[in-house]
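Notes to accompany the following structure.
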Amino acid sequence: HNESGPYDLRIVRDASEPNDEIALATPLAAPGVLTDLVMIAGDVDWFRLDLPAGSLWRVAAREVRGPQPRLALGLFDARGRLVASSEGAGGGGLPELTLRVPAAASYYLAVSGVGDPQFQGLHAVSGGYELAVVDHSLRILGVSAPSVGVEGSQIELQGEGFTTERDLAVSFDGVAARIVSVPSSSR
Numbered sequence: 137h138n139e140s141g142p143y144d145l146r147i148v149r150d151a152s153e154p155n156d157e158i159a160l161a162t163p164l165a166a167p168g169v170l171t172d173l174v175m176i177a178g179d180v181d182w183f184r185l186d187l188p189a190g191s192l193w194r195v196a197a198r199e200v201r202g203p204q205p206r207l208a209l210g211l212f213d214a215r216g217r218l219v220a221s222s223e224g225a226g227g228g229g230l231p232e233l234t235l236r237v238p239a240a241a242s243y244y245l246a247v248s249g250v251g252d253p254q255f256q257g258l259h260a261v262s263g264g265y266e267l268a269v270v271d272h273s274l275r276i277l278g279v280s281a282p283s284v285g286v287e288g289s290q291i292e293l294q295g296e297g298f299t300t301e302r303d304l305a306v307s308f309d310g311v312a313a314r315i316v317s318v319p320s321s322s323r
């Protein structure tokens, strides 16, 4: 360019580097948000998530100011096997994954550019991003519910220990839920 004029220059240091391989994975708090992350061509960023048994999590890349990099997320088990991946299926074209954790475990999250399905850094994507880990676990207080069924926006509990709607306190993702009914056979 031979152009002159005002411009903005923003320099961001990615504090999670070096994390370019699974052995150097940066711990990622669950729940939590990690900001000021930078993707450069040929880079793969690795993060470790230590998750409790019986939990449900959503991991999402979020855009920051400036050009939005086209990212891919890959979730790997403790043995390094790919268990889930996403290339922008989330809202706004950003990748997100949902993970149900049956037993307490460590998982590894790889962030790369779109078109790198093996997460080896074979991409030309650059830009800034954030990672968010959100707890989507269902919290049921004061109820023994050996069976929980979810259908659409309805949650059905089958068990003992409650007699009226006042006996239930239910929240999902930190938002209180409304009890629709307690079957007469439970009262």
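Residue 265 in this note's numbering is what sits at position 129 of the sequence shown, and the numbering runs on without skipping anything. Each residue gets a CB set at the ideal place from its N, CA and C atoms; glycine is no exception. This one's a predicted model, so the numbers in the text were calculated from it and none came from an experiment.
Using only the heavy atoms of the ligand FMN, determine whether one of them is closer than 7 Å to the beta carbon of A241.
With respect to the ligand FMN, the structure shown offers nothing to examine, as it has no ligands at all.
Which same chain residues end up closer than 8 Å to S140 when comparing Cβ atoms and leaving out the 5 residues on each side of it in sequence?
In its chain, beyond the 5 residues on either side, no residue has a beta carbon closer than 8 Å to the beta carbon of S140.
Mind checking who E266 pairs with in its DSSP beta bridge?
E266 pairs with R198.
Going by beta-carbon coordinates alone, are S242 and A214 separated by less than 8 Å?
yes
Tell me the DSSP bridge mates of T234?
R194
Would you tell me roughly how many angstroms separate the C-alpha atoms of P238 and N138, rounded to the nearest one?
Using only the alpha carbons, I get a separation of about 59 Å.
On the CB-based measure, 16 or more other CB atoms within 10 Å of its CB, does P205 come out buried or exposed?
buried
Per the DSSP calculation, A214 is bridged to which residue(s)?
Paired residue(s): none; A214 is not in a bridge.
Measuring CA to CA, which of E266, S152 and A246 is closest to G210?
Just measuring C-alpha positions, the residue of E266, S152 and A246 sitting nearest G210 is A246.
Would DSSP call A220 helix, strand or coil?
strand
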